[in-house]
């Protein structure tokens, strides 16, 4: 029991830290993107200043200037924006270990997709994480990233291809988390291995009165732009585990492909607007079409369920038999499944009253998607999912 309780608290605390750090990192990133784009030349600016911006917040006015060379007198304290990114990755990877690696049989493995052991799934996840980052880094350092349009298209197809592969190796939830973790790793590595080291070299050159190598600033800007356009997709992927209709349905990899396209499109709107250019309002039309497409794809249900295959209308008794045999070992006042101390999310399914009260939730996770049982660990059949779907549809008429 204590192992399960410790695991639950570790998950909570790590998730809390991960979310707080990510808020700080994304917030500062978006702020500086906006600030850079909004800087404008003004009269009587000090030598070496590219531009300034005036802002108001909390009842005070702020005048911000960006120096392209070191100011005549360097401040005693210089704030570096890096620990937000590092903490986001460290807490995220620790959370991945606690949730997905230590409980791989529940959240990473789906034996109906591929019969992996928890150790095999964890090793595959870790190795693909490292390999994907290495391939991205090689592409950037060999100059491919300088062809911006081609690199963007190639990077998009690379991530979509990875997603398709992951959905045929891992559970749907595990696949979504894996592609999100890969993008997050690439983003943090950009900060750790390129942006911050280059910034330190630039600062050292300016203090020494030397002209910094322009390649350093160009490389940092390149990685910063990549991070800017990857941020919105990675946020969706990281919260997707709460929404089975995204990850546990038939066309889950196509849903990821749409999300990967919509995120940069939305960022393009804000980048254009913040730079003073004409706002590309067409972005919201494209976004609306994409969101509608995701909704329609999510309604297709899990791959193995075929509607209309039942000979008779299911009854509540049929539903109870399925839930009691496939779900109640965890969703009970005293769960009997090893490692489960309390009913997940406090949802009880150990009686007809509880089943009827949660019938639409059951539909979302076990009929219209195959999120539950996790990894289909209790081997719910396609016929049983069809029975659940048919019963709930009849209740809605």
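Residue numbers (this note's numbering): 776 to 1172. We put the CB at the ideal spot given by N, CA and C, even for glycine. Computed from a prediction, not measured in an experiment: that's the story for all the values here.
Item, Value
"Local Cβ density within 10 Å of residue 953, reported as buried at 16 or more and exposed below that", "buried"
"CB contact flag (residue 800, residue 869, <8 Å)", "no"
"Continuous alpha helix (DSSP H) stretch holding residue 832: start and end", "Premise fails: residue 832 lies in the beta strand (DSSP E), 824-832, not in any alpha helix (DSSP H)."
"Enclosing beta strand (DSSP E) for residue 839 [first to last residue]", "835-842"
"Stretch-stretch touch, CB-based, cutoff 8 Å, three pairs: the segment 988-995 with the segment 1003-1013", "no"
"Member of 839, 929, 946, 1156 whose CA lies at the smallest distance from the CA of residue 879", "946"
"Residue 1059 and residue 959 closer than 8 Å at C-beta", "no"
"Boundaries of the alpha helix (DSSP H) in which residue 1113 is found, first to last residue", "From DSSP, residue 1113 is part of no alpha helix (DSSP H); its letter is neither H nor E."
"Three-state secondary structure assigned by DSSP to residue 815", "strand"
"C-beta contact flag for residue 1017 and residue 965 at 8 Å", "no"
"heavy atom of the ligand NAP below 7 Å from residue 995 C-beta", "The ligand NAP is not part of the structure shown, which contains no ligands of any sort."
"Reduced DSSP secondary structure (H/G/I, E/B, other) of residue 884", "coil"
"Beta carbon of residue 881 nearer than 8 Å to that of residue 1152", "yes"
"Helix, strand or coil at residue 952 according to DSSP, with G and I counted as helix", "helix"
"Candidates 1095, 1089, 821, of which the one nearest residue 1133 by Cα", "1095"
"Residue from 1025, 1040, 1103, 934 with nearest C-alpha to residue 1032", "934"
"Separation of residue 1119 from residue 1107, as counted between CA atoms", "9 Å"
"Segments assigned alpha helix (DSSP H), at least 4 residues, entirely inside the segment 867-928", "879-882, 893-916"
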